[in-house]
Amino acid sequence: MMVNKKGLLAAGAVAVAASLALAGCSGASSSKSGSSDAASSTLTVWVDADRAAVLKDAAAAFTKESGVTVKLVQKDFGKIQEQFIAQVPTGKGPDVTIAAHDWLGNFVGNGVVQPVELGDTAKDFQKVAVTAMSVEGKTYGVPYSIENIALLRNTALAPTAPATYDDMIAAGTAAGTEFPYLVQVGPESDPYHLYPFQTSFGAPVFGTNADGSYNAGDLSIGNAGGEAYAAWLAKEGAAGHLSVNVTGDIAKEKFNAGASPFLITGPWNVPDAQKAGINVAVDPIPSAGGETAQPFVGVQGFVVSAKSKNAIAANEFLVNYIGSEKVQTELYKVGGRAPALTSAFEAASADPITAGFGAVAAKAVPMPSIPQMGKVWQFWGVTEAAIISGQGDPTALWQKMTADIQTAIK
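Residues 1 to 410 in full-length UniProt numbering are what the sequence shown lists, from first letter to last.
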């Protein structure tokens, strides 16, 4: 089944409804009259409160064109993954749910989602977004947003963007502030925020396959670049540039108080910095190891339940409505995350903040969604914290971490 921009609507709304009159959608309840048609022509969609208003309009438009009713059910985003995995096998889950891309490994492993057909529209989305929503070469969702960290710069304290990590330290020192730069670390470290520095040493967590997907059999974190990164962590910890005492809240508060020209963070901290009177620029994170500093990209989208009996209508709703420029733009306005659809992103890039984060995202990498990534987090942060705090030989600690991850994966 291949869906394009004309999709089901080209065949006519009546034909669509008829093709869907098989059995009730997994999440819809029958009417009191017991009519199977009422249930079969309904899509149940789980969505969080922030995006419900936008989807309400999209759902109404879809229903008007197709005759298929879209029932929106608001859910706590933080609970969706667990509830979806629990309910879909019982037939009680929705047809469609909002999801973060790094849930996909868990979803696919549990058999609760089915691939979607983007068809010719795949090229209309930013490549990193489609890659993130794919597992083993199959696309499992229609992306709507991209989010990543970058370097926020207080232009009053640092008029130009640093080209390298050393340049950033030099500019921060010249500014005479309390901190040359800020990044959240915390007592157990924060590998997410430090990952761009790690990748600049050529030490990704996993290697990739030819199609860009992650290869769980290639644990690259312990390579020579990883050892060089570990040595760098120890050096920067000893110099005071990295500290487990700097949490996310402290980093944000200090930057907003003018205590540093630079903060490595995401778009979620920009509004408060601007409210504090800081003229903010968004720059690439400078390389510490010589290679490109690549942060993780987080992508959000919508996926289709493996148990949905209305998969054709679900695919149509996602590709031609959630995937439309109008809806992607409206989702951007309510969430502040850069649109995944290229045309919507280009329009949103009139905002220099969005353009800045988007430029960084173009060279970033998706957060691994493979199940094995869960084993990495278990050892990664605590090892970084130990190295930063000078609690042992950095190479030995890093290689022990790698061995522990490998054992846990096996």
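No residue lacks a Cβ here, since even glycine has one placed at the ideal position from N, Cα and C. None of these values were measured; they are calculated from a predicted model.
Phe-84 and Val-113 have their alpha carbons spaced roughly 10 Å apart.
The C-alpha of Asp-50 is placed about 16 Å away from the C-alpha of Glu-147. Within its own chain, the residues whose Cβ lies closer than 6 Å to the Cβ of Val-88, once the five positions on either side in sequence are excluded, are Val-112, Ser-305, Lys-307, listed in chain order. Taken atom to atom, the span from the alpha-carbon of Ala-251 to that of Gly-298 is near 21 Å. The distance from the Cβ of Asp-48 to that of Gln-74 is about 7 Å, consistent with a contact at the 8 Å cut-off. Taken in chain order, the whole alpha helix (DSSP H) runs of length 4 or more contained in the region 214 to 250 are 224 to 239.
Of all alpha-carbon atoms in Asp-249, Leu-72, Gly-225, the one lying nearest the alpha-carbon of Phe-201 is that of Gly-225. At a Cβ-Cβ threshold of 9 Å, Leu-318 and Phe-302 count as neighbours. Its Cα nearest to that of Gly-78, the residue Asp-102 stands out among Ser-220, Pro-368, Asp-102.
Between the beta-carbon of Ile-387 and that of Ala-234 there is about 5 Å, and that keeps the pair under the 8 Å contact cut. Your pair Val-54 and Glu-330 checks out as a contact, with CB atoms roughly 4 Å apart and the cut at 8 Å. Val-183 is positioned such that its CB atom lies closer than 9 Å to that of Val-246. In this structure, Ser-349 keeps its C-beta atom at 9 Å or more from the C-beta atom of Gly-105.
Under the Cβ criterion (8 Å, minimum of three pairs), the region 123 to 133 counts as touching the region 325 to 344. Closest by C-alpha distance to Asn-209, out of Lys-309, Gly-137, Gln-328, is Gly-137. In the three-state reduction of the DSSP assignment, Gly-298 falls in the strand class, which pools E and B.
Following the DSSP letters along the chain, one finds Phe-345 inside the alpha helix (DSSP H) bounded by residues 342 to 348. Relative to the Cα of Phe-379, the nearest Cα in the group Gln-274, Tyr-332, Gly-222 belongs to Gly-222.
Contact between the region 358 to 376 and the region 148 to 158 is present: 3 or more CB-CB pairs across the two stretches fall below 8 Å. Trp-377 sits exposed, since fewer than 16 C-beta atoms from the chains shown fall within 10 Å of its C-beta. Following the DSSP letters along the chain, one finds Gly-109 in no beta strand (DSSP E) but inside the alpha helix (DSSP H) bounded by residues 104 to 109. Between Asn-110 and Val-280, the C-beta gap is not smaller than 9 Å, which leaves the two residues out of contact. With fewer than three CB-CB distances shorter than 8 Å, the region 257 to 264 does not count as touching the region 54 to 73. Boundaries around Phe-357 are those of the alpha helix (DSSP H), 352 to 361, since no beta strand (DSSP E) includes it. Nearest to Gly-186 by alpha-carbon distance, out of Lys-410, Ala-408, Thr-383, is Thr-383. From the listed residues Tyr-144, Asn-315, Gly-93, Tyr-140, the smallest Cα separation to Lys-333 is found for Tyr-144. Just measuring C-alpha positions, the residue of Ala-99, Asn-269, Val-365 sitting nearest Asp-76 is Ala-99. Rounded to whole angstroms, Gly-67 and Pro-115 show a C-alpha spacing of 24 Å.
In the three-state reduction of the DSSP assignment, Leu-397 falls in the helix class, which pools H, G and I. Per DSSP, the beta-bridge partners of Asn-154 are Val-280. Secondary structure at Asn-310: coil, using DSSP grouped into helix, strand and coil. In terms of Cβ geometry, Glu-188 and Ala-385 form a close pair [threshold 9 Å]. The continuous stretches of alpha helix (DSSP H) do not include Ser-189, and DSSP gives it neither H nor E. Distance from Gly-374 to Thr-121 at the Cβ level is roughly 31 Å; contact not present, criterion being Cβ atoms closer than 8 Å.
A residue is called buried when at least 16 other Cβ atoms come within 10 angstroms of its Cβ; Gly-141 meets this threshold and is buried. Sequence-distant partners of Gln-399 (beyond 5 residues in either direction) whose C-beta falls short of 8 Å from its own C-beta, in its chain, are Gly-222, Glu-227.
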